[in-house]
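Here is the structure we will look at.
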Amino acid sequence: MFDHLGLTVSDLARSQRFYARALAPLGYAVQAEYAGEAVGFGDSGRPTFWLGAGKASGTGTHVAFAAPDRATVGRFHSAALEAGGRDNGAPGPRPHYHPNYYGAFVLDPDGYNIEAVCHKPER
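Sequential numbering from 557 applies to the sequence shown in our numbering.
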């Protein structure tokens, strides 16, 4: 189990705005900020997902966030697109991973592949 994860982004303020909107349906909000250097998001009062200012590495990086249900996966996808993300896979089943895998993918402003996934069966 990881403790926290960080991405380097090319425009910290832009990425903070994007992730604040995209991750809100998952219960994530800003938990810590270091002006112009880093911002940490979390869902339990402590930052577990960090953004740091610098040169983004972009493509090739994939981060998946757990969603409690399939509806939340859809809300994540919609919020991320409204925040300026680019569609990289609409909400839906991905049975090639396993029978209950339900995910959605977006590319963030730096090209990182961000996913919300639910592993529970459809109700």
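Every residue gets a Cβ at the ideal spot worked out from N, C-alpha and C, and that includes glycine.
Burial state of residue i, where buried means 16 or more other Cβ atoms lie within 10 Å
i      : result
LEU563 : buried
GLU593 : exposed
ALA623 : buried
ARG631 : buried
VAL662 : buried
SER600 : exposed
ASP664 : buried
PRO603 : buried
Beta-carbon spacing of residue i, residue j below 8 Å
i      : j      : result
LEU561 : TRP606 : yes
GLU671 : PHE597 : no
THR617 : LEU582 : no
HIS654 : ALA646 : no
CA nearest to the CA of residue i, picked from the options
i      : options                        : result
GLY640 : PHE574, ALA569, SER566, ASP567 : PHE574
GLU589 : PHE558, GLY583, ALA609         : ALA609
LYS676 : PRO665, GLY667, GLY659         : GLY659
ARG642 : SER566, VAL619, ASP666         : ASP666
ASP567 : GLY614, ASP625, PRO651, ALA585 : GLY614
LEU579 : ALA591, PRO651, VAL619, HIS652 : VAL619
ALA569 : GLN587, ALA591, ALA585, TYR584 : ALA591
Counterpart residues of residue i in DSSP-defined beta bridges
i      : result
GLU678 : According to DSSP, which records beta bridges pairwise, GLU678 is partnered with nothing at all.
GLY562 : TRP606
ALA569 : None, per the DSSP bridge assignment.
ALA672 : PHE621, ALA660
* To do: Please specify which runs of the beta strand (DSSP E), each continuous and at least 3 residues long, are wholly inside the segment 578-663, giving them in chain order.
  => 585-590, 594-598, 605-609, 618-622, 642-649, 658-663
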